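Colleague:
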Amino acid sequence: MKDEITFARLPEIAPGEIIAHMSDPRVAEHMPLLTFQWDEAAVAKFVASKEECWNRDGLGHWAVLSNDRYVGWGGFQKEGDEWDYGLVLRPEAFGLGVRVSRKAIEFAIADERIPFVTFLLPPSRTNLSALDRIGAVFVGKVDYDGSTFLKYRLETP
């Protein structure tokens, strides 16, 4: 059976699920800004900040579900005038990244507020062929909160 990918809001996910996800060293490997321990207070702060994006911009990060089971989080966050897309999956769901991203990008293409999407990836991410396949263009290296990221841009005609 093919996994059904759906999106929900982060407050619908039990804090323990997010703690287990974000505490996995395989997740932290590609997250240079992840420099703290995840606990209930960290999850509450994280979820509140993501919900504030929804309140401010009408869009934000979702909880990603596969067959109604939490497998990660991701979505769009407004950074200045740009909509940045991010996705953080549980290690056992890493193989779903392309399908989840395709569904999110389809959402962006259908949303007139989003003329293009940006992606910020740590230099530790070396397999970037999926970005090439969807037509994302390398913009350059950028500094974000003291860490270097590779920035890509995808037009959403």
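Residue numbering for the sequence shown is 96 to 252, as defined by the numbering used here.
Ideal Cβ positions, reconstructed from N, Cα and C, are used throughout, including at glycine.
Keep in mind the model is a prediction, meaning the values are calculated, not measured.
(1) Decide if R185 is buried, meaning its Cβ has at least 16 other Cβ atoms within 10 Å, or exposed.
(2) Pair every Cβ in the stretch 165-175 with every Cβ in the stretch 142-157, then say whether three or more of these pairs are closer than 8 Å.
(3) Under 8 Å, do I100 and R194 count as touching if we go by C-beta distance?
(4) Out of curiosity, what's the CA-to-CA distance linking I113 and V138?
(5) Y180 and I108: beta carbons closer than 8 Å?
(6) Which residue or residues does DSSP assign as beta-bridge partners of R164?
(7) In angstroms, rounded to a whole number, what distance separates the CA positions of F233 and L245?
(8) Is it buried or exposed, F214, if we count other Cβ atoms within 10 angstroms and call 16 or more buried?
Modeller: Inspection of the coordinates gives the following:
(1) Per the 10 Å Cβ criterion, buried.
(2) Touching, yes.
(3) Yes, these two residues count as a Cβ contact at 8 Å.
(4) C-alpha of I113 to C-alpha of V138: approximately 7 Å in a straight line.
(5) For Y180 and I108, no; Cβs fall outside 8 Å.
(6) R164 pairs with S161.
(7) Near 8 Å, if we compare the C-alpha coordinates of L245 and F233.
(8) It is buried - the Cβ of F214 has at least 16 other Cβ atoms within 10 Å.
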